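A.B. asks: Here it is, the structure in full.
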C-alpha cells in the first residue's frame with residue numbers, strides 16, 4: 001500500500017459529508033442482509049464497518065463503498081442453516097484468501113469480456129432491485145410517510161440548484177437532517193431507523209472461528225467460499241466499471257481484488273460476514289461529490305459510531321428519508337439512455353441487455369445475470385463473424401481461384417468447406433486467403449481436408465495470401 005495524499009485529503013469537506021450520508025444509508029441494508037443470511041444484525045453491521053474501513057486503505061478504487069451485500073447474503077443461507085455462524089465466519093475468511101490469490105493472478109483482466117450491453121443490463125436490473133427493495137417499507141407508510149418521502153425527493157433533486165450552498169453540501173445529507181428535524185418538531189409517529197432491529201452495544205473484537213480445523217471442514221466451506229469469492233469479485237469489478245465512468249477516473253482493478261480479499265479476511269476474524277462493493281451506496285457517495293478514500297473511511301467509522309455509541313439518535317431519523325435516498329439511487333442507476341436509444345441499438349445489443357435484466361430479476365443473482373449476458377454476447381459475436389465469411393470464385397481455363405473473406409475459426413470452418421466444388425473438372429485450384437484469417441486448429445484441419453479432397457481428384461492446389469499469424473499456426477499445428 002502506497003500512501004498518496006491526493007487520494008485522501010484533496011476533497012476533505014465534501015468527502016466527509018458524503019461519508020456521513022453513506023454511513024447512515026448502510027445501516028438498514030446491513031441489517032436487512034443479515035436477516036437474509038439468517039444471522040444477527042450485528043454480523044452485517046460489523047461486516048460493513050470492517051470491510052469499508054479496510055477497503056479505504058487497501059482498495060484500488062477511491063470513493064467506492066464496500067460492505068455486506070444482498071447478493072452475497074443469498075449465498076450464505078444454506079451454510080448458516082446447516083452449520084451455523086462459526087462456519088460462516090470461517091467461509092468468509094477463506095473467501096478473502098481466494099480473492100487475494102485471484103488479485104495477484106490478475107483475474108480482473110476477464111472484465112474485458114464484459115460488453116456494454118451487459119453493463120447496461122446489470123445496471124438496469126440493479127436499479128429495479130433497489131427500487132423493489134423499498135416497496136415493503138413504502139407499503140407500511142401512511143399519508144404522512146408519503147409526504148415525508150416526497151419532500152425528501154424534492155430536497156434531493158432541488159437543493160443542488162440553490163446558489164452558493166447547493167453544491168457544497170450533499171443533498172441526501174440535507175434530506176436526512178431536514179426530515180429528522182421536521183419529524184422531531186411535529187412529534188411524528190412514524191418508523192425510524194431504530195425500529196429496524198437490535199443494534200450491537202460493543203465494538204467488534206478479534207476472534208478465531210470455533211470450528212474443527214480438518215479436511216471435513218474445508219470440504220464444507222470451500223464450495224461456499226469459491227462461490228462467494230466469484231460473485232463478490234464480479235460485483236466489485238462491475239461496480240468499479242460504473243464508478244470509473246461516473247467519475248471519469250480509473251481505479252486499479254487488481255489492487256481492488258486484493259483489497260476485497262483482505263477486507264473479507266478481517267471481517268471474518270471480527271465476527272462479520274463476507275461482502276463486496278455496493279453499487280447503490282457507491283453511487284450515493286460519488287453523486288454527493290466524494291472522490292477520495294476518506295469518504296469510504298468516514299462511512300465505515302460513522303456507521304459503527306452510530307450503532308454502538310449514538311444509537312439513540314437513530315430514533316429521530318425517519319425511514320422515509322432513507323427510502324427517498326434509495327429511490328434517487330435507483331433512478332440514477334437506471335440507464336435511461338438504453339430505453340431512449342432502444343430502436344437505434346442493434347437487436348443483439350438489446351437482446352443481451354434484456355436477458356441480463358430478466359435473469360437477475362428472476363434469480364436475484366447479479367453474477368448469474370452477468371454470466372448469461374457474457375455468454376450471449378459471445379454467441380452473437382460468433383454468429384456475426386460466421387455470417388461475414390464469404391467467397392468469390394473465378395475460373396480461367398482449367399484453373400479456378402477461390403478468394404476467401406472473413407474470419408475462419410471453429411464455428412465458420414464448416415461454411416468454409418462448403419464453398420468448394422470438388423466435382424469440377426480442373427487442373428488447378430488457387431485458394432486466396434489474402435482477406436481471411438485462420439484462427440484455430442479446427443480451421444487448419446478443415447483447410448487440409450479441402451486440399452486433400454482436391455488432390456484425391458488429381459487437382460493441384462496452391463495457397464496464396466496467407467498472413468504471418470495464420471501461416472505460423474498452420475505450420476505449428478499441422479504442417480502441409
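Numbering (the UniProt record's numbering), first residue to last: 1 to 480.
Every residue gets a Cβ at the ideal spot worked out from N, C-alpha and C, and that includes glycine.
These numbers were taken from a predicted model, which means no experiment stands behind them.
Based on DSSP bridge pairs, tell me the residues matched to residue 99.
C.D. replies: Residue 99 pairs with nothing; no bridge assigned.
A.B. asks: So residue 123 packs on residue 335, CB below 8 Å; how close in whole Å?
C.D. replies: 5 Å between Cβ atoms; contact.
A.B. asks: In this structure, how does DSSP classify residue 63 when only helix, strand and coil are distinguished?
C.D. replies: Here residue 63 sits in coil by DSSP.
A.B. asks: Taking DSSP's pairing of strands, which residues face residue 442 in a bridge?
C.D. replies: In the DSSP output, where bridge partners are listed per residue, residue 442 has none listed.
A.B. asks: Classify residue 471 as buried or exposed, calling it buried when 16 or more other Cβ atoms lie within 10 Å of its own Cβ.
C.D. replies: It is exposed - the Cβ of residue 471 has fewer than 16 other Cβ atoms within 10 Å.
A.B. asks: Under 6 Å Cβ to Cβ from residue 42, same chain only, skipping five residues before and after it: list those, please.
C.D. replies: Here the set comprises 200.
A.B. asks: With distance defined between alpha-carbon atoms, name the residue in 318, 238, 378 nearest to residue 64.
C.D. replies: The shortest C-alpha separation from residue 64 is found at 238.
A.B. asks: Residue 277 lies in the beta strand (DSSP E); which residues open and close that run?
C.D. replies: First-last of the beta strand (DSSP E) with residue 277: 275-277.
A.B. asks: Start and end of the alpha helix (DSSP H) containing residue 81?
C.D. replies: Segment 77-83, the alpha helix (DSSP H) holding residue 81.
A.B. asks: Any idea what DSSP makes of residue 39, helix, strand or coil?
C.D. replies: Reduced to three states, the DSSP call for residue 39 is coil.
A.B. asks: Throw me the rounded Cβ distance for the residue 70 and residue 36 pair, which I believe falls under 8 Å.
C.D. replies: About 6 Å separates the two Cβ atoms, so the contact holds.
A.B. asks: Classify residue 105: buried if its beta carbon has 16 or more other beta carbons within 10 angstroms, exposed otherwise.
C.D. replies: Residue 105 comes out exposed.
A.B. asks: Can we say the segment 300-309 touches the segment 48-59, given the rule of at least three CB pairs closer than 8 Å?
C.D. replies: The segment 300-309 vs the segment 48-59: in contact.
A.B. asks: My assumption, with CB atoms under 8 Å, is that residue 131 sits in contact with residue 73. Please give the rounded CB distance.
C.D. replies: That pair is no contact at about 19 Å.
A.B. asks: Would you mind reading off the limits of the alpha helix (DSSP H) that contains residue 157?
C.D. replies: Run containing residue 157: 143-158, per the alpha helix (DSSP H) assignment.
A.B. asks: Can you give the Cα-Cα distance for residue 17 and residue 170, rounded to whole angstroms?
C.D. replies: Cα to Cα, the separation comes out at about 7 Å.
A.B. asks: What first and last residue would you give for the alpha helix (DSSP H) that runs through residue 219?
C.D. replies: From DSSP, the alpha helix (DSSP H) with residue 219 extends over 215-247.
A.B. asks: Under three-state DSSP, which class holds residue 169?
C.D. replies: In the structure shown, residue 169 sits in coil (DSSP, three-state: anything other than H, G, I, E or B).
A.B. asks: Which runs of the beta strand (DSSP E) at least 3 residues long sit entirely within the segment 374-438? Give them in chain order.
C.D. replies: List check, beta strand (DSSP E) in window: 390-396, 399-408, 428-438.
A.B. asks: Taking residue 121 and residue 357 to be in contact with their CB atoms under 8 Å, please state how far apart those CB atoms are, rounded to whole angstroms.
C.D. replies: Correct: roughly 5 Å between the Cβ atoms.
A.B. asks: I want to know whether the segment 163-182 touches the segment 315-325 - three or more CB-CB distances under 8 Å.
C.D. replies: Result yes; three or more Cβ-Cβ pairs closer than 8 Å.
A.B. asks: Pull up the distance between the alpha-carbon of residue 480 and that of residue 266, whole angstroms please.
C.D. replies: Low per-residue confidence applies at residue 480: pLDDT is 46, beneath 50, and the placement is therefore not dependable, though the value from the model is reported in the following sentence. If I take the Cα positions, the gap works out to 58 Å.
A.B. asks: By DSSP, does residue 29 sit in helix, in strand, or in coil?
C.D. replies: Here residue 29 sits in helix by DSSP.
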